[in-house]
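Q:
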Amino acid sequence: MNLLRLGALLCFGVIVFLMTAWVLSDPAKNIRTDWIAFDTTADRLFDGEVIYRPYEKDVESLPYLYPPYALWLVLPLAPLGFYASFVASVSLSLGSTLAAIRLLGRLAPSGLLSTRTALVVAGTTGATITSALIGQYSGWLALGIAASAYFTVQKRPFVAGASLALLLLKPYLLIVVLPFLVWSRSWKMLRGAVVASGLVVASSLVFGLSAWSGFLGNANSMLDLQRENGVPWEKMVTAHAGIVKWTGLEGSEAPSLLLWFVIATGMGVVVLRRWTPARFAESPLWAFGALALFLVAANLRLYFYDGLLVAIGSLLYFLGGRPAGVRLRRLGGVSLLVAWLGLWGGVWLELNALVPVACLGLIVAMSGETATERTTANGSEALYGKAESVTIS
Numbered sequence: 020m021n022l023l024r025l026g027a028l029l030c031f032g033v034i035v036f037l038m039t040a041w042v043l044s045d046p047a048k049n050i051r052t053d054w055i056a057f058d059t060t061a062d063r064l065f066d067g068e069v070i071y072r073p074y075e076k077d078v079e080s081l082p083y084l085y086p087p088y089a090l091w092l093v094l095p096l097a098p099l100g101f102y103a104s105f106v107a108s109v110s111l112s113l114g115s116t117l118a119a120i121r122l123l124g125r126l127a128p129s130g131l132l133s134t135r136t137a138l139v140v141a142g143t144t145g146a147t148i149t150s151a152l153i154g155q156y157s158g159w160l161a162l163g164i165a166a167s168a169y170f171t172v173q174k175r176p177f178v179a180g181a182s183l184a185l186l187l188l189k190p191y192l193l194i195v196v197l198p199f200l201v202w203s204r205s206w207k208m209l210r211g212a213v214v215a216s217g218l219v220v221a222s223s224l225v226f227g228l229s230a231w232s233g234f235l236g237n238a239n240s241m242l243d244l245q246r247e248n249g250v251p252w253e254k255m256v257t258a259h260a261g262i263v264k265w266t267g268l269e270g271s272e273a274p275s276l277l278l279w280f281v282i283a284t285g286m287g288v289v290v291l292r293r294w295t296p297a298r299f300a301e302s303p304l305w306a307f308g309a310l311a312l313f314l315v316a317a318n319l320r321l322y323f324y325d326g327l328l329v330a331i332g333s334l335l336y337f338l339g340g341r342p343a344g345v346r347l348r349r350l351g352g353v354s355l356l357v358a359w360l361g362l363w364g365g366v367w368l369e370l371n372a373l374v375p376v377a378c379l380g381l382i383v384a385m386s387g388e389t390a391t392e393r394t395t396a397n398g399s400e401a402l403y404g405k406a407e408s409v410t411i412s
């Protein structure tokens, strides 16, 4: 076991021990994190009560903000008691995360000797632990990206597109992804995404049309609630949050939004270059890696636990090869380290502003050719074995 893998495991072990001790010190109080909103919603569902209702701060710890089709994920919690519901939420969150990492591990080129280390590092980030501990759905988002990348490489584009329907948990993420599928002319993937998304939405009708009317009717009040409470910049991992923290423009919304728009647009252009039909077919892992990082950094509002997508994007960067140029290779290596530090310290040390910086660095590193693309273009053997392009239609 090399030092990097050992260090990751030790860091993971220490944090898990400390957080477990913290939870056990006062379980009834300390486990009342985000998952409590899911548990409360499950109880309402089980009792036949109205699910979407005006938020009462004195009665509820947190409001339930997800669309009606997400109720399938809270349904298993309905018959469970308080502590069993917590364990189930953590298990579902952690299980989906590990499934995503395991899928990507199966794509590792045979010549990449440190793959196990990369998998361990990705699986022991702060985002993995926090998203699991609070029972958030970040693992399902990660699984959607990972499964789509996996099935693309396996030349099953319709299934790859259908996997992206998991991003419907946060619909604005899927809305951003669809134009990239069009840009790369991945028509089978696009059909898979549309069909699967339609089926997911249709499945929510089991909970009644009243669930949708309640959700839509409650949307404005939820937005007002978030505006009243302000944006917790220290919990965000977006480029906008980084701009606010680095520049001190918290009270100047227009300048910070303008700067964010310029940076996000530039990042989007770079990612689109990786998603041209030819380059996407040559290196789909880098295409999905850049997209995952873009979904985080270019968002206006994404919390620290969704930084799990950064871990997935970093892993896709690692598995997809390495830049042909020395400067981009160094930039990628430094960015991986910065991402690691940002995902660990995003909550406890307020290092969340490092995350979008790492995303930007990795996206730029993936803008050039991979070593595999360079050697293949020169007619020589690829660095990590014979490269195979993926034809998507």
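Per this note's numbering, residue 20 is the first one in the sequence shown, and the count goes up by one each step.
For every residue, glycine included, the Cβ atom is placed at its ideal position computed from N, Cα and C.
(1) Going by CA-CA distance only, name the one from CYS378, ARG292, SER205, TRP279 that's closest to LEU327.
(2) Quick check on ASP325: buried or exposed, where buried means 16 or more other Cβ atoms within 10 Å of its Cβ?
(3) Alpha carbon to alpha carbon, how far is ASP62 from ALA89?
(4) What does the alpha-carbon distance come out to for the pair ALA317 and VAL69?
(5) Would you mind working out which of LYS264, THR171, LEU304 sits nearest VAL374, comparing C-alpha positions?
(6) Using a threshold of 8 Å, state whether the C-beta atoms of SER115 and LEU162 are closer than that.
(7) Closer than 8 Å is the cut-off here; do at least three beta carbon pairs connect the region 98–114 with the region 287–296?
(8) What's the C-alpha gap between LEU29 and THR144?
(9) First and last residue of the alpha helix (DSSP H) that includes ASP58?
(10) What are the start and end residues of the alpha helix (DSSP H) that includes VAL178?
(11) Keeping to the same chain, check which residues put their C-beta closer than 6 Å to that of ALA384; ignore five residues upstream and five downstream.
(12) Under the rule that 16 or more other beta-carbon atoms within 10 Å means buried, what is PHE36, buried or exposed?
(13) Answer with buried or exposed for ASP66, where buried requires no fewer than 16 other C-beta atoms within 10 angstroms of its C-beta.
(14) Excluding sequence positions up to five away, which residues of its chain have a Cβ less than 8 Å from the Cβ of LEU185?
(15) Going by DSSP, which residues form a beta bridge with PRO86?
(16) Residue range of the alpha helix (DSSP H) that ALA273 falls in?
(17) Among LEU368, PRO98, THR60, VAL172, which residue has its Cα nearest to the Cα of GLU253?
(18) Taking the alpha carbon of TYR71 as the reference point, which residue from PHE234, THR59, GLY217 has its own alpha carbon closest?
(19) Can you give me the C-alpha to C-alpha distance between VAL345 and GLY364, rounded to a whole angstrom?
(20) Where PHE226 and PRO98 are concerned, what is the direct C-alpha to C-alpha distance, given to the nearest angstrom?
(21) Would you kindly work out how many angstroms separate the C-alpha atoms of LYS189 and ALA215, rounded to a whole number?
(22) Can you tell me where the alpha helix (DSSP H) holding ALA384 begins and where it ends?
(23) For ILE331 versus ALA119, is the C-beta spacing smaller than 8 Å?
(24) When DSSP builds the beta bridges, which residues end up paired with THR389?
(25) Does DSSP classify TYR322 as helix, strand or coil?
(26) Pull up the distance between the alpha-carbon of ASP58 and that of LEU64, whole angstroms please.
(27) Determine the contact status of ALA168 and LEU304, defining contact as a CB-CB distance below 8 Å.
(28) Leaving out five residues on either side along the sequence, give the residues of the same chain with a beta carbon under 6 Å from the beta carbon of ALA260.
(29) Taking just the CA atoms, how far does TRP91 sit from PHE313?
(30) Can VAL256 and ASN371 be called in contact, C-beta distance under 8 Å?
(31) Spell out a yes or no on whether the region 200–216 and the region 294–303 are touching, meaning 3 or more CB-CB pairs, one atom from each, closer than 8 Å.
A: On the basis of the coordinates in this document:
(1) CYS378
(2) buried
(3) 15 Å
(4) 35 Å
(5) LYS264
(6) yes
(7) no
(8) 12 Å
(9) 54–66
(10) Membership of VAL178 in the alpha helix (DSSP H) is indicated by the continuous run 176–182.
(11) PRO342, LEU347, LEU350, GLY351
(12) exposed
(13) exposed
(14) TRP159, LEU160, LEU162, GLY163, ALA166
(15) PRO86 pairs with nothing; no bridge assigned.
(16) 272–293
(17) LEU368
(18) It is PHE234.
(19) 29 Å
(20) PHE226 and PRO98: Cα-Cα distance of roughly 17 Å.
(21) Rounded to whole angstroms, LYS189 to ALA215 spans 15 Å at the Cα level.
(22) 373–384
(23) yes
(24) PRO342
(25) strand
(26) 10 Å
(27) yes
(28) Here the set comprises TRP252.
(29) 28 Å
(30) yes
(31) yes
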